[in-house]
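Each position in the sequence shown, counted from 1, maps to that position plus 206 in the numbering used here. Have a look at the structure below before the remarks.
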Amino acid sequence: MFKKLINLLMLGTLVVSLFLAGLVFLFDTIEERKGLIEQFGSKMVGQRVSSEAIISTWRNGNPQLLIRGLTVESSSFDTPDLKVDELAIDVSWSSLLRFWPKIELATINGLSLRIESLPMGGVRIGGWLIPPREDRQPPERFLRWIADQSGIFASDSDIEWRNSDGEVERYTDVSLVYALENDYRVLHGVLASPEGDLLIRSEFLGNPFESASDWQGEFVIAAVGVSANDTSSGISMSSRSGLGLLRIPQIDLPHLRDLMVIAGVLPKLGIWMQQADAKGLLQDFELRFTGDVLDLDSWDASASITGISFDATETSPAGNNLAARLQINSQGGLISLDSQNVSIRWPHRIAGGVDIDQLKAELLWNVVGSKAQIRVSDGQALAEQGSIKNFEAAIMFADGGADGDISMKFDIPDISVIKDFVPLHLSGKTHDWFAQAFPTGALKNGQLGYRGPISIDAVRSSTGDLSASADAINVVVDYGGARNWPPIRQADARLSLVQDRLVADPSKATIYQSEFQSGQVVLENLFERGGRVLSIREAEIKGPTEDALQFLLEGPLFDEGNRPELDMVAHTGEYMTRFSAELPLTNLNASTVSGFGEVTQANLTLPLGTTADGVKAAVKYTQESVTGSGEIESYLGGRAAFSVETLANGRPPEVQLNAGGRLVPAYLAGILGEPLANSLAGETDWQGTMNFDSGPVRMRIESDLIGLIIALPEPVYKGAGELRPLAADIEFARVGGLTKVRYDVGENLRGVLNTRANGDEVVFESGDLVYGQQPLMEDFPVGGLGVRIEADEIDLDPWLDYMIWVSEGWPEIEGEASSFVSALHRVTLAGQKVRLFDKQLGRMNLIGQSMDGLHWAIDAIGDSLEGQLEAAPANEAPFYIADFKFLDWPASEPDVGTEVDDLKPYEYPIISIHADDFRFDGRELGELNIVARPEGESWNIARLDMIQPALTILATGVWELSGAGLTQTTLDFLATTPESGEALSALGLGDFLDGGGLDLEGTARWSGPPSAYSVPNLDATYRLAANKGKLVGVDPKAGRLLGLLNLNSLSRRLRLDFSDVFSNGFAFDNLGSEGTIYEGNLAVQEFYVVGPSAYIESQGRIGIADEDYDLELVVSPQLGSNIALLSALANPAAGAMIFIAQRLFEDQLNDALRYSYTITGNWSEPDFNRTKIEPEIPLESEAITDGGIVGEATDSQVEEVYNSVIEQSENPEAEAMLQ
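Shown next as structure tokens:
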């Protein structure tokens, strides 16, 4: 036996020796295994581990390991999670046989350590992940091993602590010294923190990670400079006589959470804090404990927490801005909540949340074995959405379940917040119904109580007892969900809830304007999945008739999308109905209803502006049928009777209303258009039907129109006895839709109108009205009304009068084409003989288009015009712009202008007219430009031009008020021509003037607007100037002032013989005149003609209206300077003599030759009388002889002078001049 023991010991010694030898070998060759060591470290840490060098040596018989450039790379950052410049470890040789070897000395230089809190939980220290698993054991053995080492020294180090939000705290210049001797442990260190330099001081006898009864001492982290005995200003932990005390003046929850995860303390709480990203500030924390620091036997703690916030998780809501005072221990505790401006959200369970102004409660709990109890007392929550008072609860947790006894009082001033608390687990349709069923209202005096298991299944199965009550005040119930059913409004009711049955007994409620008289609303199976039903039982409602019609057409009687399409408004009348309804919230389309209703003295307005007054009816209805009958005192202007029948049951039923009565045409305005309806007079019979089913409501009206007069201009006019059948088919619209009307009146007049209702008004959207044989349009891509007229002869004057009458006083809806006229977007006219403004214009085609009913573009082509017009008659500043290729306007008969009282200058539009080729009464006036606009109280004519090569006429003017309600037009004009003969010929004024330029300027005035111009109404002044021309073609009796004075006829002039002056025309150098026009007369104040041969002047009156003359005309010769010039050329001596004589006696010679004429009579045969004027100096005292002036010269003497000049002239140019 002893031998076996000796052998066993020797074998053991051999194994140990071999093991130690292997360790020595491995240690000595560790540098060669650097890569394997790095791989092992990378696998253990989960991050890549590398080093610059690993060196092993022996010192004092103990192995020493030196590692340089140790790095643990980061998966999230560019810098490593751990970096050590140099790590030296001296290991006790004898401890190598243990799993946790003894370190004699560890020296750490240049440590950079990152501690990272992860958003999804856990902490990474130097790249090493510490997960927040609930079953993970605390690192007690590792901490105890660290505390048992002989010495650790760290210098020139820093620590980076990064929280889950990415915020970083850095601790730099860290230096630590730890020493153990005879179970006495000392730790000293310094570091720089964001709050300042800190001192670490720790002295313990025994290991603090063992039971508290086995160690004593203290651990302090405080600011540098604080007394060694002051432990109140920093983190401290101490143990005396087996009782431990941990003080933390202030720490934020994320750091506390990370420390709990690292230490493995309260893992469930730590895991929740990480999942919810709990934040806040813990202050004045004190923990008293017994036992191991990491395995407390008993403990109690107190602290204040402020600014608490946490995110929502699957099992808990989110909250922020909470504050509480804690007094807790290992068996229970008390939490006193007193917070303001708290926000609670739980998006995993409900769509909304609550903002609480003030939250108070006392939470007391205790734990006994596997059971726990929580009591909540004096709970109060005050918020804008509502308040909770006297909240009391006792909840017992045991065996994985919980039972409670809960009661509270509540007020909800805004019931719409219910939508924020509808559980998301409800089915989609039910959730949506609750989310919008209560948009406004309040709940007062609310009470709620529950006793039993805390689960929704307990409520469904009646295992728990749930009851609640409240007063609903002014609540709106939108029971139709998204179906736009008429909501219940202004509801006051007593609500009571027992288990899953909610009952509302209304004391007041309305639908539209109708009031509940009696009834009850019940919501069954409130907590059932898919089985909730809203019931309205034995409800009686009274109110205005329009409510009944809206409920009929918009309520739950018809499926959504299959209801009749009709927009109907009731103005007066009363109805009563009794009904019951069942509305499954998961399938509202399966709702049922049945009831009875009466209507008394209702006045209805249907689409198209038609009214039904004095309606009486009685009906029975379900969701599939309607039957009844009634009478109408006035519909379409006369009495009518009707019956209602269901042609086919269904959802909706197919219903037809049959009616007939007497028709007055004014009530057809919405059907035919008001212009046509207002042109009808008389009465006639009608018959009609109206059909209701799943589509639009349709109506047909028929009449022979016997008894009606159509008072429109020809060819539409109809007499009362004439048969002209009317057939109108109407398709009514829903609210906002279009009502379509198609009608035929006789053979040639028909139309289609698309209208919509705007209150009592009818708005014309689109349509086509046709006279002739053209087919009707069916599609209207651009909207608006169109009128098309086609006839051989069209007199537009009565139609224009009719349109002006139609447009006067028409009601307008701002921004819309409401009236028939303003809705016109297209007008087409085609006629072979078109008459306008009492003028026959011949063939004409007009095509007018407008995109908005305000601005018009018109193309016109015909015998008298061709071009484009742009018009905006309804614009805020109306304007008309015309651009014609040619315009040939016939002349009117002379008209005496009269003032028109209702024409005001400032009411006239802006006009701009251009014509490339303008003709008036056949006269070619060239290019025409007219621009005029209202300014202030006047209408200014900025431009009136008529331009052609031979003539330019420019004018400006104004039409303005002249006092006493009268107006006056003033025109300043200027006419110029370089060739007067061509200009007068172009104007058709004859050929009495030839060659030379002409200027005519003046001012014309007449009473009334510009269109009131007439000669008798004209008051004008003028100034005329012409030069270098010739008067030709004048009647001989007028004595044609023609020809040039030449030397051959000089003897005749000296003998006062003017027989040849007027023979072939009269050339002039200058012609001028000034005068006025008044009362149809031209008053010639000055008229003169200056020519080489004579000077003519005149004054007097020319009757324009009466076409007569009363003038005086004076003619005198012009001797000029020709004689002296020619004499000088021939004989200088003779020329000098003649020049002297001419200068001495020129005026006397001219005066001596003056003759006067009087012109009277009419224009066609004027009377001329010639009267000689006595000269001032006798001509007999002057004569030309060979030696001087000796008497009257003879012809032979003049000829001798002439021939002498010719013969003696050596100048060819002078000879040419004389010739």
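Note that beta-carbon positions come from the ideal geometry of N, C-alpha and C, so glycine has one too.
Would you tell me roughly how many angstroms separate the C-alpha atoms of residue i and residue j, rounded to the nearest one?
| i | j | result |
| --- | --- | --- |
| F410 | G448 | 13 Å |
| E238 | L276 | 16 Å |
| A1232 | N1276 | 6 Å |
| S363 | Q481 | 32 Å |
| D1107 | G1171 | For D1107, the pLDDT reaches just 44, beneath the cut-off of 50, and the residue's location in the model is therefore unreliable, although a value from the coordinates is still provided. If you take the alpha carbons of D1107 and G1171, they lie about 7 Å apart. |
| S370 | I427 | 25 Å |
| I1153 | P1004 | 35 Å |
| L1147 | R1211 | The amino acid occupying residue 1147 in the given sequence is Ile; Leu does not appear at that position. If you take the alpha carbons of I1147 and R1211, they lie about 13 Å apart. |
| Q1503 | Y781 | Because the chain is modelled from 207 through 1425, residue 1503 falls outside the range shown and cannot be assessed. |
| W421 | W367 | 31 Å |
| V1295 | V1321 | 9 Å |
| V380 | S399 | 9 Å |
| G538 | V573 | 6 Å |
| D296 | W306 | 14 Å |
| T1282 | V1290 | 7 Å |
| Q696 | S622 | 14 Å |
| R784 | E744 | 7 Å |
| R1259 | L1204 | With a pLDDT of only 36 at R1259, under the threshold of 50, the placement of this residue in the model should not be trusted; the figure read from the coordinates follows. Distance between the alpha carbons of R1259 and L1204 is about 30 Å. |
| E880 | E999 | 26 Å |
| K1091 | H1120 | 8 Å |
| A1273 | G1187 | 13 Å |
| L465 | A587 | 34 Å |
| Q546 | D561 | 10 Å |
| I618 | F516 | 26 Å |
| R962 | D1058 | 17 Å |
| D1225 | Y1284 | 5 Å |
Count the other CB atoms within 10 Å of the CB of residue i; is the residue buried (16 or more) or exposed (fewer)?
| i | result |
| --- | --- |
| G585 | buried |
| F246 | exposed |
| M443 | buried |
| K1234 | exposed |
| M250 | exposed |
| V988 | exposed |
| L929 | exposed |
| G1367 | exposed |
| T1377 | exposed |
| I747 | buried |
| K1236 | buried |
| Q1038 | exposed |
Could you name the residues that DSSP lists as bridge partners for residue i?
| i | result |
| --- | --- |
| F1126 | W1095, R1129 |
| H1120 | D1089, N1135 |
| V290 | L276, L317 |
| D544 | K566 |
| Q586 | K566 |
| I912 | Answer is none; I912 lacks a bridge partner. |
| A926 | Its beta-bridge partners do not exist; DSSP assigns none. |
| G844 | Y841 |
For the ligand PLP, I want to know if residue i counts as a neighbour, meaning its beta carbon is within less than 7 Å of at least one of the ligand's heavy atoms.
| i | result |
| --- | --- |
| G1163 | In terms of ligand content, the structure shown is empty, and the ligand PLP therefore cannot be addressed. |
Rounded to the nearest angstrom, how far is the Cβ of residue i from that of residue j, given a contact under 8 Å?
| i | j | result |
| --- | --- | --- |
| G395 | I406 | 4 Å |
| A674 | L654 | 4 Å |
| R904 | E937 | 5 Å |
| G412 | A429 | Not quite, the Cβ-Cβ distance comes to about 28 Å (not below 8 Å), so this is no contact. |
| T1158 | D1178 | Incorrect: roughly 15 Å between the Cβ atoms, too far for contact. |
So, does the CB of residue i fall closer than 8 Å to a CB anywhere in chain C?
| i | result |
| --- | --- |
| G585 | The displayed structure is made up of one protein chain only, and chain C is not part of it. |
(message) Suppose only complete runs of 3+ residues qualify. What are the beta strand (DSSP E) ranges in the region 1285 to 1314, listed by chain order?
(response) With a minimum length of 3 residues, the continuous beta strand (DSSP E) runs that stay inside the region 1285 to 1314 are 1287 to 1296, 1300 to 1309.
(request) At 4 residues or longer, and completely inside the region 655 to 685: list those alpha helix (DSSP H) runs for me, N to C. (result) The qualifying runs are 662 to 666.
(message) My parser needs the alpha helix (DSSP H) runs of 4 or more residues fully inside the region 355 to 438; what are they?
(response) Taken in chain order, no unbroken stretch of alpha helix (DSSP H) lies wholly in the region 355 to 438 with a span of 4 residues or more.
(request) For the region 1164 to 1202, list the alpha helix (DSSP H) runs that are entirely contained and at least 4 residues long, ordered along the chain. (result) Runs of the alpha helix (DSSP H) inside the region 1164 to 1202: 1186 to 1192.
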